Every structure is written in structure tokens, then in C-alpha cells.
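Enquirer:
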Amino acid sequence: MILSVILGLGVLSLLVAAFYRQRVLAVKIEDGAASADEVTRLTEISSAIAEGAMAFLSREYRVLGIFMALFAVIIAFTVQDGLYTAGAFLIGALISVISGFIGMRIATKGNVRTAAAARISLPKAFSVAFESGIVMGFGLTGLAVIGLGLVWLGIVNILPGVEPHIQMEILSGFGLGGSAVALFGRVGGGIYTKAADVGADLVGKVEAGIPEDDPRNPAVIADNVGDNVGDIAGMGADLFGSVAESTCAALVIGAVAFATLDESIRLQALLFPMLVNGIGIVASIISLFFVRPKSEEKVEGALKMALIVSTLLMLVGLYPVTMSMLPATFAIGDVTSSNTGVFIALAAGLIAGLAIGLITEFYTSHRYSPVRQVADASKTGAATNIIYGLALGYNSAVLPMLLIAISVVIGYSFAGMYGIALTAIGMLGTIAVGLTIDAYGPTSDNAGGIAEMAEMGKDIRKRTDALDAAGNTTAAIGKGFAIGSAALTSLALTSAFITRARTVDPTFTVIDLLSPTVLAGLLVGGALPFAFSAMTMKSVGKAAFDMIEEVRRQFRTIPGLMEGKGRPEYGKCVDISTKASIREMIAPGLLVILTPLVVGFLFGVQMLAGLLIGALVVGVMLAISMANSGGAWDNAKKYIETGVLGGKGSDTHKAAVVGDTVGDPFKDTSGPSLNILIKLMAIISLVFAQAFAQNGGILLKMFK
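Residue numbers (the working numbering): 28 to 731.
#1: At the level of alpha carbons, what is the spacing between Val671 and Asp486?
#2: Strictly by DSSP, which residues pair up with Ser364?
#3: Determine the DSSP secondary structure at Met483, reduced to helix, strand or coil.
#4: Would you mind sorting Pro347 into buried or exposed? The rule is 16 or more other CB atoms within 10 Å of its CB.
#5: Does the Cβ-Cβ distance between Ala509 and Leu266 come in under 8 Å?
#6: For Val601, I'd like the list of residues in its chain whose CB is within less than 7 Å of its CB, leaving aside the five on either flank, ordered along the chain.
#7: Am I right that Gly268 and Lys706 are in contact with their C-beta atoms under 8 Å? What's the rounded C-beta distance?
#8: Assign Tyr88 to one of three DSSP states: helix, strand, or coil.
#9: Excluding the 5 residues flanking Gln717 on each side, which residues of the same chain have their C-beta closer than 6 Å to its C-beta?
#10: Is the Cβ-Cβ distance between Ala636 and Val545 less than 8 Å?
#11: Given a cut-off of 8 Å, decide if Leu345 and Val303 are closer than it, judged by their beta-carbon atoms.
#12: For Arg89, count neighbouring C-beta atoms within 10 Å of its own C-beta (all shown protein chains included) and say buried if the count is 16 or more, exposed if not.
#13: With contact counted as at least three CB pairs below 8 Å, one residue from each stretch, are the segment 383-400 and the segment 466-477 in contact?
#14: For my contact list, Met332 and Val318 are in at a C-beta cut-off of 8 Å; report their separation, rounded to the angstrom.
#15: Taking the CB atoms as reference points, tell me whether Val578 and Gly226 lie closer together than 8 Å.
#16: Could you tell me the distance, in whole angstroms, from the CA atom of Leu704 to the CA atom of Leu549?
#17: Beta-carbon within less than 6 Å of Ile710's beta-carbon, same chain only, minus the 5 sequence neighbours each way: which residues are those?
#18: Exposed or buried, Gln49, counting other C-beta atoms within 10 Å across all chains shown (16 or more means buried)?
#19: Which of the three DSSP states, helix, strand or coil, is assigned to Gly568?
#20: Determine the extent of the alpha helix (DSSP H) in which Pro347 is found, giving its start and end residues.
#21: Taking three-plus beta-carbon pairs below 8 Å as touching, is the segment 237-246 in contact with the segment 416-423?
#22: Between which two residues does the alpha helix (DSSP H) harbouring Glu668 extend?
#23: Run through DSSP, which three-state label would Thr534 get?
#24: If I'm right that Ser566 touches Ile218 with Cβ under 8 Å, what's the distance once you round it to whole angstroms?
#25: From which residue to which residue does the alpha helix (DSSP H) around Ile259 run?
#26: When the distance is taken between beta carbons, is Phe165 closer than 8 Å to Val43?
#27: Answer yes or no: do Leu30 and Gly231 have a C-beta to C-beta separation smaller than 8 Å?
#28: Going by beta carbon distance, what residues of the same chain come within less than 6 Å of Ile129, once the five residues before and after it are set aside?
#29: Among the residues of its own chain, which have a CB less than 7 Å from the CB of Ile56, if the five just before and after it don't count?
#30: Tell me the DSSP secondary structure of Phe153 in three-state form.
#31: Give the DSSP-derived three-state secondary structure of Ala145 in the structure shown.
#32: Straight-line CA distance for Val425 to Ile431?
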């Protein structure tokens with residue numbers, strides 16, 4: 028019965044996505060175009076962006092398919108019940124891939140319709156962009172809930188006599204599959220988008236002095252393609268992985284914790300985390316009715332209202348469900364918990380997620396003093412702009428880390444390690460509306476680019492700029508939310524890994540921070556985010572170098588290009604970004620995947636636990652600071668472009684453009700990719716926990 032409700036809510040989410048997809052596709056480009064020529068230009072530009080985006084996804088997923096097959100074989104022959112775990116892994120990966128295609132398809136249909144609708148009115152354009160985001164947000168959430176429910180059902184029916192904690196460990200393969208796709212989506216997509224963006228900005232804006240999204244810029248199509256592959260497919264896969272992983276962590280811990288309960292009560296308790304995701308779908312659907320901006324100034328507020336309303340509705344819905352589904356009191360390890368305690372743990376995560384998003388807004392929106400200080404620092408050049416931006420990023424990591432720490436303490440105090448997993452699930456409860464807002468940003472950004480390239484006029488561009496400005500801030504909020512949820516998800520997975528390892532090796536009771544093995548793991552884990560960030564930043568630099576050379580070559584050799592008479596070779600820039608991103612994503616991916624396997628088998632579970640904690644602590648702070656520095660540099664530039672401090676074309680603006688260009692890989696490549704680093708290493712450790720506990724520490728055993 029409960030599982031039927033969960034699957035039904037997942038189907039409801041897909042129906043919402045399908046309904047809004049039809050609404051978006053029903054918008055005719057001709058209705059918002061001034062002439063037949065404008066319709067032709069809009070269609071051609073949109074088709075070029077769509078073709079570039081789908082070409083990248085196709086190449087990326089071909090490479091990904093080879094990796095998935097190899098890793099599935101490793102799982103099958105290494106893990107207990109490996110064939111079933113490998114099957115769950117492949118299903119999770121497949122659903123994540125399908126989610127990426129769904130998001131990409133609707134984004135590349137919605138962008139041109141948003142641009143066309145901007146000629147009708149700003150509310151109409153907003154509606155198209157937002158509804159495109161709904162398709163992504165609810166489609167992905169529905170697939171995640173249905174996928175988890177069906178895999179759980181399959182495992183329970185195929186292996187009815189197997190202990191629940193082993194069944195749930197098999198299910199964690201689903202989360203691993205989703206997160207593995209996210210790794211390549213985030214890293215590959217991030218390299219693609221920022222190689223194009225940096226190349227377009229440095230040669231176009233700084234050297235040639237032409238505006239952003241000017242059709243004379245050869246990298247402009249690649250730049251717009253990059254918005255989709257990085258911020259649509261990459262972000263979607265990231266948060267899909269978080270939902271699957273946090274749920275799997277709660278199920279693994281819950282299976283051990285609830286082992287002594289009656290079977291019917293245990294079943295309810297195990298299904299509870301999945302039902303929480305379903306409640307979030309209902310809360311998110313209702314919140315959509317509160318998004319009705321009437322003017323340019325109200326767009327950002329309308330988007331935030333959806334987040335706030337969905338959070339409040341989620342709190343209201345969670346209480347009666349928690350009280351009715353869980354026992355009044357139950358023991359989780361050495362902690363005696365209650366259904367009220369579980370509700371408090373969920374509420375702590377939910378409120379912390381909203382608070383982290385609002386804190387991120389404070390540090391990245393030009394309506395507040397931190398970003399205006401960065402803009403003001405641009406008056407004395409790019410160096411001071413960058414110094415202020417770095418300081419802002421470091422400072423912005425403090426409050427979110429405190430909120431995460433408070434959530435962890437509350438979760439553990441009320442429900443032990445199960446409570447930590449529930450704080451992560453609580454934070455991700457409103458994921459459908461959160462993803463909707465995230466996907467809105469790149470769609471409206473693309474719409475502005477298309478309007479500029481199609482020469483639709485200043486009035487239209489002013490409307491798309493208003494949508495884009497709100498999208499920039501909400502994108503920053505989304506990144507903060509994604510990082511915060513990744514931190515709690517990683518901690519939940521680490522808790523699940525420790526819980527599972529204890530069932531195999533009862534001597535593994537305490538992680539002694541003064542143990543040389545654990546301390547070594549902490550130090551190595553703390554170094555990994557820096558190594559990973561260095562690799563991804565350098566990859567962007569190398570790809571951007573190739574892009575810059577190509578753009579310069581075209582400006583030099585194509586007759587009449589600067590005068591607008593020659594046509595740029597857009598395809599060559601798209602090809603450079605595609606090839607570079609596929610090539611450069613391999614090394615960072617191997618670092619993340621191989622490190623826990625090598626440490627677990629050679630040095631054992633104690634060092635691996637230290638490694639996961641070290642990577643988590645350093646990775647989260649580095650990710651927040653990088654994402655917020657990049658967001659602040661971007662919005663400082665946009666603040667100057669409103670006409671203050673000299674406006675566009677001034678020396679202050681040029682300094683801000685340099686800062687924004689430095690910040691591009693910070694906020695869209697390295698920062699967001701660190702989410703995957705900390706989550707993927709933790710879930711790999713969970714999936715291989717039994718193998719590590721039984722056969723790990725080979726090197727240490729040799730020297731004993």
C-alpha cells in the first residue's frame with residue numbers, strides 16, 4: 028500500500044512534467060516574431076544550439092557507456108550479490124541519462140519560445156521559461172522516486188530471504204549509478220561551458236569590444252550550448268544523484284537500526300524515506316501556484332516565494348506522516364529515538380537548505396553590499412576585483428558550514444546516524460521546485476542570447492535581461508543548495524558505510540582521530556579537493572586557450588566578420604568545446620573513482636573513513652567559496668552594466684569582465700564538481716563496504 032502511494036506520487040510528478048511540456052511546446056515562435064525573417068533567424072539559432080547540445084550529450088554518453096560497462100563488471104565480481112548490485116547500478120545510470128536528455132530537450136525548445144514570448148510581454152516570457160524548468164524539475168524527481176521504488180520492489184521480491192541491510196546495500200548501487208553519470212555530466216559539462224564562455228568573453232568583450240551574445244562572435248553558439256550542458260544536464264544529474272544517495276543511505280542505516288522491529292513496522296520504517304520524497308512532490312506542485320510575477324522587479328521574489336512556500340508546506344505535510352508511520356519510540360544503536368525526533372531531524376535539514384540558499388543569495392546578488400563592494404573594487408583594476416571576490420567567497424563559507432554542523436548535531440541527537448541521513452533527505456525534500464528554478468536560469472539566459480543574435484531589439488533584450496538577472500541569482504542559490512545537500516548526503520553515506528562495515532567487522536566500533544591510519548586518511552582526503560579542482564581548472568584553461576586561438580583566427584581571416592557582413596564558423600568552436608570536455612573529464616573522473624577503491628583495499632576501512640571525512644570537510648568549504656566567489660564576480664559585472672560606476676565599456680567594466688572570466692570555472696566547473704567528489708567517493712565506499720571490511724588493508728596486514 029505505502030509503496031503504491033510512493034509510486035503513484037512519482038507518476039503524478041511525471042504527469043505534471045508532461046502537462047507543462049505540452050504547454051511550452053504549444054507556444055508558437057511565430058506569435059512573438061516581428062517578421063518571417065525573424066522567425067527564420069530564431070529557428071536557425073535555436074536549432075544550432077539544440078544540435079550542439081545533443082551532439083555533446085551523445086558523445087559524452089558513449090564514453091560513459093564504456094565506463095559503466097567496465098565498472099558494472101567490477102561490482103559484479105567484487106561485491107556480495109554483485110550481479111544484483113551491478114543491475115541496480117546500471118538502472119540508476121540509465122535513469123540519470125534519460126533525465127539528462129529530458130532536461131536538454133525541453134531547455135532547447137523552451138529557450139527560443141521564451142525569446143519569442145518576450146515580444147508579447149514579460150510575464151508571458153517568464154511563464155515559458157519557468158514552465159520549461161518545471162518539466163526538468165518534476166520529470167527528474169518523478170523518475171528518481173519511481174526508479175528507487177521499483178528497484179526496491181524488485182530486490183525484495185527476488186531476494187526475499189536475504190537480510191534487509193544486504194538488500195538495501197544492493198539498492199545503493201542505484202545511487203552509485205546516478206552519481207557516476209553526474210560526475211561526467213558535471214565535470215564534462217563544466218569544462219565545455221566555461222571553455223566557450225571564457226573564449227567568447229576574452230576575445231569578444233575585452234579584445235574586440237563587442238557585446239555579449241553578439242552574432243559576430245564565433246564562440247557565441249558554443250557559449251549558449253554550454254549553458255545547457257553544464258547547468259541543465261550537469262545540475263540535474265548532480266541532484267538526481269543526491270536524492271538517490273541520501274535515500275539509499277537512510278535505507279541502509281534504517282535496515283540495521285530497525286532489524287529488531289516487527290516485520291510490518293519495519294517495512295513502514297524502511298519505506299518512510301521514499302515517502303518523504305513523495306510528500307516533497309505534492310508540496311512542490313502546490314507552490315507552483317504562488318509564482319506569478321507582474322513586473323521585472325517581482326521576478327526574483329516570485330522564484331524565492333516558490334522555495335519558501337514549498338518548504339513550509341513540506342513541514343506541514345511531514346508531521347502527520349511521520350507520527351503515523353514510525354513507532355513512538357525505537358532504538359538506533361545507542362540512541363533512543365522517537366517519531367517526533369525523526370520529524371525534528373527532517374525539519375532541521377529542510378530549514379537549513381532554505382537558509383543556505385538565502386545566505387548564498389546575500390553573498391551573490393548585487394542587491395546586497397558584498398557584491399557591490401566587489402564592483403566598487405573594480406574601479407582600481409582587475410586585481411582588486413579578484414582580491415575582494417576571493418575574500419567574499421571565503422567569508423561566505425562560514426555560515427553555511429555552521430548550519431550544516433547544527434543540522435548534523437540535531438539529526439544525530441534525535442535519531443543517531445539515521446537522523447543524519449534524514450537531514451539530507453529533508454534538505455532535498457523540495458528538490459522538484461528547486462530544480463525547476465535551477466533550470467529556469469539557463470533557459471532565460473539562452474533566451475537573451477537568442478534575442479541578441481536574432482537582433483530582436485533593445486526592448487526585447489531588456490525583458491530577457493530581467494529574466495536572466497533573476498536566473499543568475501537563483502542559479503547561485505541553487506548551487507549553494509546543491510553543495511549543502513551534497514555535504515549532508517556525503518555525511519549520511521559515510522555514516523551508512525561505517526554502519527555497514529560494523530555488521531561485517533564488529534571490532535570496527537570507533538574512528539580514533541589520533542590513530543595514524545585515520546589521521547593519514549584525513550590528510551589525504553583533505554588534499555583531494557585541491558587536486559581535483561586543480562585538474563578541472565587547468566582543463567578549462569587548456570580548452571579555453573584552444574577556443575581563444577580559434578576565435579582570433581576567425582576574426583583575422585573571415586572577410587567582413589567584424590562589420591557583420593561575414594558569417595562566423597560557429598561549428599568549429601562547438602567542436603573544440605565538445606572534444607576538449609570529453610578528453611579532459613577522464614582524469615578527474617578516475618581520481619574520484621579509483622581513490623576509495625585503492626585506499627579501501629590497500630589500507631582498510633579506518634583510513635578510508637578518515638579519507639571520506641577529510642574530503643568532506645575541505646571539499647564543502649572549497650566548493651562554497653568557489654561557487655560564491657564566481658557568482659559574486661558575475662553579478663558585480665552585471666551590476667556595473669546597469670549603468671553604475673561607469674557602465675558598459677568603462678575601465679571599471681573591463682576589470683569586472685576579467686574578474687567574471689576568472690570566476691567562470693570557479694562557479695560552473697570546479698565548485699559544483701566538488702559535490703560529486705565528496706558524494707561519489709562515499710557511495711563507492713558504501714557499495715564496497717563488505718569487501719573492504721573483509722579483504723581490505725592488504726598493505727597494512729603485510730607489515731604487521
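Even for Gly, the Cβ is constructed at its ideal location relative to N, Cα and C.
On a predicted model such as this, the values are computed, not experimentally measured, just so you know.
Expert: Put simply:
#1: The residue labelled residue 671 in the question sits at position 644 within the sequence shown. The residue labelled residue 486 in the question sits at position 459 within the sequence shown. Whole-angstrom Cα-Cα distance: 20 Å.
#2: In the sequence shown, residue 364 corresponds to position 337, counting from 1. Ser364 is bridged by DSSP to Phe357.
#3: Your numbering for residue 483 matches position 456 in the sequence shown. DSSP places Met483 in coil when its eight states are reduced to three.
#4: The residue you call residue 347 lines up with position 320 of the sequence shown. A residue is called buried once 16 or more other Cβ atoms fall within 10 Å of its Cβ, and Pro347, having fewer, is exposed.
#5: One-based indexing of the sequence shown puts residue 509 at position 482. One-based indexing of the sequence shown puts residue 266 at position 239. Taking 8 Å as the Cβ cut-off, Ala509 and Leu266 qualify as a contacting pair.
#6: Start at 1 with the first residue of the sequence shown, and residue 601 comes out as number 574. Same-chain partners within the cutoff: Gly79, Ile248, Ala249 and Val252.
#7: The count along the sequence shown starts at 1 and reaches residue 268 at position 241. The count along the sequence shown starts at 1 and reaches residue 706 at position 679. Yes, they are in contact, since the Cβ atoms of Gly268 and Lys706 sit about 6 Å apart, within 8 Å.
#8: Here the question's residue 88 lines up with position 61 in the sequence shown. Residue state, collapsed to three classes: helix.
#9: The sequence position of residue 717 within the sequence shown is 690, counting from 1. For Gln717, where only same-chain residues beyond five positions count, the Cβ hits under 6 Å are Gln107 and Val531.
#10: Walking along the sequence shown from the start, residue 636 turns up at place 609. Walking along the sequence shown from the start, residue 545 turns up at place 518. Yes, these two residues count as a Cβ contact at 8 Å.
#11: One-based indexing of the sequence shown puts residue 303 at position 276. One-based indexing of the sequence shown puts residue 345 at position 318. Taking C-beta atoms as the reference points, Val303 and Leu345 count as a pair closer than 8 Å.
#12: Locating residue 89 in the sequence shown gives position 62, where the first residue counts as 1. Sixteen is the threshold: since fewer than 16 other Cβ atoms of the shown chains lie within 10 Å of the Cβ of Arg89, the residue is exposed.
#13: Too few Cβ pairs lie closer than 8 Å, so no.
#14: One-based indexing of the sequence shown puts residue 332 at position 305. One-based indexing of the sequence shown puts residue 318 at position 291. Met332 to Val318, Cβ: 7 Å. Contact.
#15: In the sequence shown, residue 578 corresponds to position 551, counting from 1. In the sequence shown, residue 226 corresponds to position 199, counting from 1. Going by C-beta atoms, Val578 is nearer than 8 Å to Gly226.
#16: Translated into positions along the sequence shown, residue 704 becomes position 677. Translated into positions along the sequence shown, residue 549 becomes position 522. About 15 Å.
#17: To locate residue 710, count along the sequence shown from 1; it is residue 683. Once the five neighbours on either side are set aside, the close Cβ partners of Ile710 are Gly202, Leu203, Ser206, Glu272 and Leu520.
#18: Against the sequence shown, residue 49 aligns to sequence position 22. Gln49 should be labelled exposed.
#19: Sequence index remark: in the sequence shown, residue 568 carries index 541 (1-based). Helix, per DSSP.
#20: Locating residue 347 in the sequence shown gives position 320, where the first residue counts as 1. Membership of Pro347 in the alpha helix (DSSP H) is indicated by the continuous run Val326 to Met352.
#21: Short answer: they don't touch.
#22: Looking up residue 668 in the sequence shown gives position 641. Per DSSP, the continuous alpha helix (DSSP H) segment holding Glu668 begins and ends at Val632 to Glu668.
#23: Taking the sequence shown and counting its residues from 1, the one referred to as residue 534 is at position 507. Coil, per DSSP.
#24: Taking the sequence shown and counting its residues from 1, the one referred to as residue 566 is at position 539. Taking the sequence shown and counting its residues from 1, the one referred to as residue 218 is at position 191. Yes, they are in contact, since the Cβ atoms of Ser566 and Ile218 sit about 5 Å apart, within 8 Å.
#25: As a working note, residue 259 is residue 232 in the sequence shown. Note, Ile259: premise wrong, no alpha helix (DSSP H); not H, not E.
#26: By 1-based counting over the sequence shown, the position of residue 43 is 16. By 1-based counting over the sequence shown, the position of residue 165 is 138. Cβ atoms of Val43 and Phe165: closer than 8 Å.
#27: Counted from its first residue, the sequence shown places residue 30 at position 3. Counted from its first residue, the sequence shown places residue 231 at position 204. No, they are not a contact pair.
#28: In the sequence shown, residue 129 corresponds to position 102, counting from 1. Only residues of its own chain outside the window of five on either side were considered, and among them Gly166 have a CB closer than 6 Å to the CB of Ile129, listed in chain order.
#29: Residue mapping note: residue 56 aligns to position 29 of the sequence shown, counting from 1. Excluding sequence neighbours, Ile56 sits near Val66, Leu69, Thr70, Val139, Arg140 and Ala143.
#30: Translated into the one-based positions of the sequence shown, residue 153 becomes position 126. Of the three classes helix, strand and coil, the one that applies to Phe153 here is helix, per DSSP.
#31: Position 118 of the sequence shown, counting from 1, holds the residue named residue 145. For Ala145, the three-state secondary structure derived from DSSP is coil.
#32: By one-based count along the sequence shown, residue 425 stands at place 398. By one-based count along the sequence shown, residue 431 stands at place 404. Going by the C-alpha atoms only, they are around 10 Å apart.
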